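K.L.:
So for the sequence shown, the numbering used here puts the first residue at 969; every next one is plus one.
Glycine included, every Cβ here is placed at the ideal spot set by N, Cα and C.
Owing to the predicted nature of the structure, the values given are computational and were not obtained by experimental measurement.
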Amino acid sequence: MSFSGKEYDYIIVGAGSAGCVLASKLSKNPNNQVLLLESGPVNNNLMIHIPAGVYKAYLNPALNWNYDSSTEPGLQGRQVFTPRGRVLGGSSSINSMVYMRGHPLDYDGWANDLNLPNWSYENCLPYFKAGETYSEGEDPWRGGSGPLQVSSGSLQSPLFDAFLEAGETSGQGKSDDLNGYNPKGVSRLDATRYKGRRCSAADAHLSKIRNRKNLDIVTGATVMKINIHLNKARSINVLYQNSLDTIQSAKEIILSCGAINSPKLLMLSGIGPANHLKENDIVPIVDLPGVGQNLQDHATIILQYNCKKYLPIHGMNNNLKKLATGVQWLTSQTGLACTNVWEAGGLINSNEGVSHPNIQYHFGPVGFEVINKSIRVKQGFVLHVDQLRPKSRGHLKLNRNNIFGKPELFFNYMTESIDIKEMSEGIEKARDIVRQKSFDEFRGDEITGEVQGIDKHNMHELIKGLTETDYHPCGTCKMDNSNDGVVNEKLQVHGVENLRVIDGSIIPKIISANLNAPIQMIAHRAAHYILDEPQFDPIKAQFSFKKS
969 MSFSGKEYDY IIVGAGSAGC VLASKLSKNP NNQVLLLESG PVNNNLMIHI
1019 PAGVYKAYLN PALNWNYDSS TEPGLQGRQV FTPRGRVLGG SSSINSMVYM
1069 RGHPLDYDGW ANDLNLPNWS YENCLPYFKA GETYSEGEDP WRGGSGPLQV
1119 SSGSLQSPLF DAFLEAGETS GQGKSDDLNG YNPKGVSRLD ATRYKGRRCS
1169 AADAHLSKIR NRKNLDIVTG ATVMKINIHL NKARSINVLY QNSLDTIQSA
1219 KEIILSCGAI NSPKLLMLSG IGPANHLKEN DIVPIVDLPG VGQNLQDHAT
1269 IILQYNCKKY LPIHGMNNNL KKLATGVQWL TSQTGLACTN VWEAGGLINS
1319 NEGVSHPNIQ YHFGPVGFEV INKSIRVKQG FVLHVDQLRP KSRGHLKLNR
1369 NNIFGKPELF FNYMTESIDI KEMSEGIEKA RDIVRQKSFD EFRGDEITGE
1419 VQGIDKHNMH ELIKGLTETD YHPCGTCKMD NSNDGVVNEK LQVHGVENLR
1469 VIDGSIIPKI ISANLNAPIQ MIAHRAAHYI LDEPQFDPIK AQFSFKKS
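(1) Among N1091, P1241, E1090, whose alpha-carbon lies nearest the alpha-carbon of C1445?
(2) Report the rounded CA-to-CA distance for G973 versus E1390, giving the unit in angstroms.
(3) Should the region 1343 to 1361 be called in touch with the region 1246 to 1257, which here means at least 3 C-beta pairs below 8 Å?
(4) Can you look up R1069 in the DSSP assignment and give me helix, strand or coil?
(5) Per the DSSP calculation, D1158 is bridged to which residue(s)?
(6) Applying the criterion that 16 or more other CB atoms from any shown protein chain within 10 Å of the CB defines a buried residue, is E1006 buried or exposed?
(7) Please report the distance separating the alpha-carbon of S1318 from that of D1400.
(8) If you drop the 5 nearest sequence neighbours on each side, which residues of the same chain put their C-beta closer than 7 Å to that of S1120?
(9) Of all the options L994, N1195, G1443, V1464, which has the alpha carbon lying nearest to the alpha carbon of A1517?
(10) In or out: V1259 buried (at least 16 other Cβ within 10 Å) or exposed?
(11) With 16 as the cutoff for other CB atoms within 10 Å, does F1331 come out buried or exposed?
(12) Mind pulling the alpha helix (DSSP H) runs of 4 or more residues that sit fully within the region 1266 to 1322?
(13) Please tell me whether S1224 and A986 are closer than 8 Å, where the distance is taken between their beta carbons.
(14) Please go through the region 991 to 1064 and give each complete alpha helix (DSSP H) segment of 4 or more residues, from N-terminal end onward.
(15) May I ask which residues mark the beginning and end of the beta strand (DSSP E) holding S1211?
(16) Enumerate in chain order the residues of its own chain whose CB-to-CB distance from I1479 is below 6 Å, with the five nearest sequence positions on each side excluded.
(17) Quick check on the DSSP output: the alpha helix (DSSP H) that includes A1495 runs from which residue to which?
(18) What's the call for F1372, buried or exposed, on a 16-neighbour Cβ count within 10 Å?
(19) Is it true that the CB of E1100 sits closer than 8 Å to the CB of G1114?
(20) Would you tell me roughly how many angstroms separate the C-alpha atoms of Q1404 and Q1272, rounded to the nearest one?
(21) From which residue to which residue does the beta strand (DSSP E) around I1339 run?
(22) List the residues that DSSP assigns as beta-bridge partners of L1146.
(23) Are three or more beta carbon pairs between the region 1290 to 1303 and the region 1130 to 1147 nearer than 8 Å?
(24) Measure from the alpha carbon of P1375 to the alpha carbon of each residue in N1248, A983, D1129, H1428, then state which is nearest.
(25) I'd like to check one pair, A991 with L1233: are the Cβ atoms closer than 8 Å?
(26) Would S1406 be called buried (16 or more neighbouring beta carbons within 10 Å of its own) or exposed?
(27) Let me confirm a value: Y1278 is counted as buried when at least 16 other C-beta atoms fall within 10 Å, else exposed. Which label applies?
(28) Decide if K1200 is buried, meaning its Cβ has at least 16 other Cβ atoms within 10 Å, or exposed.
(29) Among G1045, G1148, Y1329, whose alpha-carbon lies nearest the alpha-carbon of L1356?
(30) To the nearest angstrom, report how far apart C988 and I1185 are at their CA atoms.
(31) Does DSSP put L1207 in a helix, in a strand, or in coil?
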């Protein structure tokens, strides 16, 4: 298509979890001309849609920004591979599909501690409900008629049964629904999956509206700069089909590029820390010191065990088994290819001093190893241990050698002693779960760290040598009205009119769970702010930790 002479009411940069929601909501009114731009390709790669193909999807360089952190001082100077989706649907097209909202106290903390009263959980819950159709039916916490299809774990495996029983006998408790009444304990996990297929943000929010005459969805289009005039966002420069075009906006420009690319694009446009912009020969237009700061992520350690019993899922390296499984999925969308692997997990308190779960588990009934960014399945089982509320904070900067290239990422994982302490506690409790009687017939040797030559009994060495990302970067354009904030509570960029950031970068303090669901909720709420429509009425639901 040609952008010559084109003007849109709303230009959305980035078609990830947030951008897809916004495109749907803003184009509902046929009088609004909406443009959705995505740097990556259309989401037609088969591995995107097969749940068990998740690792082939996120390791595919054609679907991925392929970031690496800078050398991490808390991780023995290692660099951490940081994949982010570069495809229609963004990271929701390549993630592990786990649907978690986070604890209500996370959002109440935003409201009470960060002076963001409109973002309490009772104000967010109606948007979570409106956004989903839950396979187990609607209730006071779950939705029954939203666009995002969410299903509870359905793969039958004795290892899942062993994990759930062990969670109870070890004292961690059990929840019927971690997104419902009791957000604590072990449970089967929900996934953005429907009838054996991934349900990405693109599937949920774009598939039925692609033909709206007032909506243009353009892939392969990379926005290079937002043009600001008299402190108003007026247009963008976009690289498309080897041509640099300028597209005008009549109302608003919305950045939904994610926690890495949204602050990068702001800085390329002259919005950010003035000194850093000058260092890169960019004229500062708005001095916003918070742009690129406050980088947060969930750190993870993967505990690996051999399994004494061979189970069907352990045979996925066999070429004939792979072929048969693939044919079954292609013909009926049933079988082992329908699992996203992480169908059980838990939320626990690592110690008695924390207010709500600060450790998350993802349990998989199969072992694996990564060799040259490819996955090999093993006869075993694994347990992700995620530290949910790190004290460590990082930042990102433009790359001085190529400001349009990959930014420099400094996560600072495990640079705070409290983070090491909580991760250690989470690992010990995970090992205690696996020591329970229900695992006796399955539990082989723990082989965590063997490939890397790391002593699994040396907790400090284990954490420093094996910690990786759990793929939830956020916070780099944080919602805050103070001097280090980037957007206000309606997600408008401070000091610039007609410009918002709506994605995971605005999260001021990281959510205690996976971020795909919260980001879609944030985008739905933001659409109402953009359109000046009333917010949904709050829902004062009961919870196990607080009855009213």
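P.N.:
In this structure, then:
(1) Within the sequence shown, numbered from 1, the residue matching residue 1445 stands at position 477. The residue with the shortest Cα to Cα distance from C1445 is P1241.
(2) Translated into the one-based positions of the sequence shown, residue 973 becomes position 5. Translated into the one-based positions of the sequence shown, residue 1390 becomes position 422. Straight across, the Cα-Cα distance linking G973 with E1390 is about 56 Å.
(3) The region 1343 to 1361 makes no contact with the region 1246 to 1257, as fewer than three CB pairs between them are under 8 Å.
(4) In the sequence shown, residue 1069 corresponds to position 101, counting from 1. Three-state DSSP puts R1069 in coil, outside helix and strand.
(5) Numbered from its first residue, the sequence shown carries residue 1158 at position 190. Beta-bridge pairing links D1158 to Y1067, S1120.
(6) Within the sequence shown, numbered from 1, the residue matching residue 1006 stands at position 38. E1006 should be labelled buried.
(7) To locate residue 1318, count along the sequence shown from 1; it is residue 350. To locate residue 1400, count along the sequence shown from 1; it is residue 432. Rounded to the nearest angstrom, the two C-alpha atoms are 12 Å apart.
(8) Taking the first residue of the sequence shown as 1, we reach residue 1120 at position 152. S1103, E1104, R1156, D1158, listed in sequence order.
(9) No answer is possible for residue 1517: the residues shown for the chain start at 969 and end at 1516.
(10) In the sequence shown, counting from the first residue as 1, residue 1259 sits at position 291. Note on V1259: 16 or more other CB atoms within 10 angstroms of its CB, so buried under the neighbour-count rule.
(11) For the purposes of this step, residue 1331 is taken as residue 363 along the sequence shown, with counting starting at 1. Looking at its Cβ environment, which holds 16 or more other Cβ atoms inside 10 Å, F1331 is buried.
(12) 1287 to 1300
(13) For the purposes of this step, residue 1224 is identified with residue 256 of the sequence shown, where counting begins at 1. For the purposes of this step, residue 986 is identified with residue 18 of the sequence shown, where counting begins at 1. Yes.
(14) 1014 to 1017, 1022 to 1026
(15) On the sequence shown, residue 1211 is found 243 positions in, with the first residue counted as 1. Taken as a continuous stretch (DSSP letters only), the beta strand (DSSP E) holding S1211 covers 1211 to 1223.
(16) Position 511 of the sequence shown, counting from 1, holds the residue named residue 1479. The residues are G1070, D1074, P1486.
(17) As a working mapping, residue 1495 is identified with position 527 in the sequence shown. Residues 1484 to 1498.
(18) Taking the sequence shown and counting its residues from 1, the one referred to as residue 1372 is at position 404. Exposed, since its Cβ has fewer than 16 Cβ neighbours within 10 Å.
(19) As a first step, residue 1114 must be located in the sequence shown, where it is residue number 146. As a first step, residue 1100 must be located in the sequence shown, where it is residue number 132. Going by C-beta atoms, G1114 is nearer than 8 Å to E1100.
(20) Along the sequence shown, one-based indexing puts residue 1404 at 436. Along the sequence shown, one-based indexing puts residue 1272 at 304. Each residue's alpha carbon lies about 16 Å from the other.
(21) As a first step, residue 1339 must be located in the sequence shown, where it is residue number 371. 1335 to 1339 is the span of the beta strand (DSSP E), which, as asked, contains I1339.
(22) If you number the sequence shown from 1, residue 1146 lands on position 178. In DSSP, L1146 forms no bridge with anything.
(23) no
(24) The residue given as residue 1375 occupies position 407 in the sequence shown. Selected option, being the one with the closest Cα: N1248.
(25) For this step, residue 1233 is matched to residue 265 along the sequence shown. For this step, residue 991 is matched to residue 23 along the sequence shown. For L1233 and A991, no; Cβs fall outside 8 Å.
(26) Locating residue 1406 in the sequence shown gives position 438, where the first residue counts as 1. By the 10 Å Cβ count, S1406 comes out buried.
(27) Indexing the sequence shown from 1 puts residue 1278 at position 310. Result: exposed.
(28) Residue 1200 sits at position 232 when you count from the first residue of the sequence shown. Per the 10 Å Cβ criterion, exposed.
(29) The count along the sequence shown starts at 1 and reaches residue 1356 at position 388. Of G1045, G1148, Y1329, the smallest CA-CA separation from L1356 is found for Y1329.
(30) Here residue 988 is taken as the residue at index 20 of the sequence shown, counted from 1. Here residue 1185 is taken as the residue at index 217 of the sequence shown, counted from 1. One C-alpha to the other measures close to 10 Å.
(31) In the sequence shown, residue 1207 corresponds to position 239, counting from 1. Strand.
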